[in-house]
Every structure is written in C-alpha cells, then in structure tokens.
Amino acid sequence: MVSDMSFSKIDQKIMEREVRLPGHSLCPGCTGAIIERLVFNTLKNRKIVFHGPGVCAGGGTNLLKAPSLVLFLTGTGMGPTGISRALKVQGRDDVKVVAMSGDGGACDIGFEKLSAAANRNEDYLQIVMDNEAYMNTGIQRSGQTPLGAWTTTTPEGNKTSRTKNVPMIMAYHYVPYVATATVGYHQDFLNKIKKAIDIMGFRYIHTLVPCPTGWRFPTEKGIEISKMAVRSGIFPLYEVDNGVFRITYKPKERLPVSEYVRTQGRFRTIQEGQLQELQEHADLYWKQLLEMDGKRIH
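Residue numbers (my numbering): 23 to 320.
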C-alpha cells in the first residue's frame, strides 16, 4: 500500500519535471493536451504563453508553470505581438512568446490580425490547434471543416469543396518558418518546435487535433487517426524553412481516403461523389507537394 507521503513525493517530482501540470478541461481522448505538453515541456520556462479562447484548453492556462494570457478571439495576432514588443522594449531576448489558437480563432475570426502579424514578421511562434470546427462553442463549421463532414451548422454534411490552406497562405507571407505537425508523428513535431523556437521573426506551426466529440470516434483513437490523416494525404507533414519547402514524412504506401473517413462518425452522411472528390484533392495536392519538395518556393 502506498502512503500519502509517497504520493506527495510523486507529485513533487511531477511539479519539478513538467511545465504543463496534470489535469485539463479537455474532452477525454483529445490530443490537444499532448500537444501542449510537447510544446511547453520542450521550451521549459523560457516562454510567455498567449491563449486565444478558441482553444478548448484556454481555460486551463492556470495549469502552466509559465506566465500566460487569454484574450478574446480576435486577439489572435494582437496579443502575442504586444507581449513580444514589450519584451523587446525591456531588452528581454531570453524569453520566447508562444501563441496557441484554434482553427476558428486563427483561420477565421482572427485571421486578419494573424495575417497582419505575419506580414510585419512579428517575433513569436504561432501554433494553431486545428480540430476542423468551432468545437468549444458547439461544433459549428469553420473554414477548416472538410467536405462532407457533419457539424451542428452542417447537419447534412459540409458542402464547401475545399478548406483554407492556411499553412501555405502563411508561407506566402514570406515568413522565416512554417510547418505542419501532428502528435501521430511526435518526433517530427518535436524537431519542428526545437527548430522554430530560436528563429527570429514570425513562425507558424499548424497542428491537426482530432476531436473525439466533434469527429465522433472512440476516445482512444486520436493518435491512430492523426497517423491516418497523414498517410492518406489529408494532412501532409512538411516545413518551409526560409523559403525552402521540404516534406518531412513520406508514407511508404498511401492510405485510401475512404479508410480515414470510415473511422469518424462525422462523415456518416458523406456522399460517394464527395468521397471521390476528397480523394482527388488529396492526390493532386500530394503530387504538387512532391514537385515542390527540396525547392525554394519563395
């Protein structure tokens, strides 16, 4: 039997090792908490964190052993810019600013200010946690919701043919570093965090965050579905480092998009023509990425 004193010692070790402490307000099975842990524990206490309220975990910033700020949705781009500039006025180059926003806050509601921050090459790392809908306000459609996917505002399936390609839009703001990442390939993710944090200027990492509640899949399947998204070409892994494009993971054999779609109840009303269109989009995009691989794109 373990005594209370033993538990206390274990808790103390966790407190010393972890920047993101145990516990969160996320749904069971959400990979968002894993993303936060990877990011924050990699950067240790060298950072100030900005959370947009569009991130489901935004209310859990009190679980961080680091200064943090939560602002309104349109504060994406504004909040971290202000913090970064204030640090520069103080001569603090030892602290990194990390911003985390959901796809609604970054790719829709706050996109104007995010774009402006990228255009000015503001000095901070922006991480977008993309779960392809407004999950924390009721699972409404966002600009990242894929064709055929159910949301509460698209009950018969989303009819919009293509999602916004925000990582490439950011790349063509001519910023120093842009990447895509997912916890399904955590070493790739860690490599990108470590590379991005010490680059000066605007850095952008777009992460896929499968949502068990909104996507309708068993809570233990999040990492598996993350991998399937990459292997099917729905969410390719790449980086654009000072204008040079590079694919960071190439599946030995690509997975049919239909296998990825079948894992999620949100696609229960998808039509055969829509599924074929998703496959064609994935095939075309993968072909385009292969043609760019290793080349300077800007």
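All C-beta atoms in this analysis are idealised placements derived from N, C-alpha and C, irrespective of residue type, glycine included.
Exercise. For the alpha helix (DSSP H) containing lysine 186, list its first residue and its last residue.
Key: Translated into positions along the sequence shown, residue 186 becomes position 164. In the DSSP assignment, lysine 186 falls outside any alpha helix (DSSP H) and carries neither an H nor an E.
Quiz item: Ends of the beta strand (DSSP E) at threonine 202?
Solution: Residue 202 sits at position 180 when you count from the first residue of the sequence shown. Unbroken beta strand (DSSP E) run through threonine 202: 199-203.
Practice problem: Buried or exposed for proline 177, please, with buried defined as at least 16 other CB atoms from any protein chain shown within 10 angstroms of its CB. | Solution: Residue mapping note: residue 177 aligns to position 155 of the sequence shown, counting from 1. With fewer than 16 other Cβ atoms within 10 Å, it is exposed.
Exercise. Out of Ser280, Tyr194 and Val231, state which residue places its alpha-carbon closest to the alpha-carbon of glycine 170.
Key: The residue given as residue 170 occupies position 148 in the sequence shown. That would be Ser280, whose Cα lies nearest to the Cα of glycine 170.
Quiz item: Curious, which full-length alpha helix (DSSP H) runs of at least 4 residues does the segment 114-141 contain?
Solution: Listed in chain order, the complete alpha helix (DSSP H) runs (minimum 4 residues) inside the segment 114-141 are 133-141.
Quiz item: Is it right to say glutamine 112 is buried, meaning 16 or more other beta carbons lie within 10 angstroms of its own, or is it exposed?
Solution: The residue you call residue 112 lines up with position 90 of the sequence shown. Exposed, by the Cβ-count rule.
Quiz item: Hey, which unbroken runs of the alpha helix (DSSP H) at 4 residues or more fall wholly within the segment 218-280?
Solution: Here the runs fully enclosed are 234-237 and 244-253.
Quiz item: Looking only at its own chain, which residues have a Cβ that is under 7 Å from the Cβ of serine 25, when we skip the five neighbours before and after it?
Solution: Locating residue 25 in the sequence shown gives position 3, where the first residue counts as 1. Interpretation of serine 25 is limited by its pLDDT of 39, a score under 50 that renders its predicted location unreliable; no figure is taken from the coordinates.
Quiz prompt | Whole-angstrom distance between glutamate 144 and glutamate 154, CA atom to CA atom | solution = In the sequence shown, counting from the first residue as 1, residue 154 sits at position 132. In the sequence shown, counting from the first residue as 1, residue 144 sits at position 122. Whole-angstrom Cα-Cα distance: 26 Å.
Quiz item: Among the residues of its own chain, which have a CB less than 6 Å from the CB of tyrosine 226, if the five just before and after it don't count?
Solution: Numbered from its first residue, the sequence shown carries residue 226 at position 204. Residues of the same chain with a CB within less than 6 Å of the CB of tyrosine 226, apart from the 5 flanking positions on each side, are Gln148, Met192 and Val200 in chain order.
Quiz prompt | Length at least 3, wholly inside the segment 283-319: the beta strand (DSSP E) runs in chain order | solution = As far as the segment 283-319 is concerned, it has no whole beta strand (DSSP E) run of at least 3 residues.
Quiz item: CA-CA distance, glycine 101 and phenylalanine 72?
Solution: Against the sequence shown, residue 101 aligns to sequence position 79. Against the sequence shown, residue 72 aligns to sequence position 50. Per the coordinates, the alpha-carbon of glycine 101 lies some 7 Å from the alpha-carbon of phenylalanine 72.
Quiz item: When we look at the beta-carbon of lysine 309 and count the other beta-carbons within 10 Å, is it buried (16 or more) or exposed?
Solution: Counted from its first residue, the sequence shown places residue 309 at position 287. So lysine 309 counts as exposed.
Quiz item: What is the DSSP secondary structure of serine 106, counted as helix, strand or coil?
Solution: Counting from 1 along the sequence shown, the entry for residue 106 is found at position 84. Helix.
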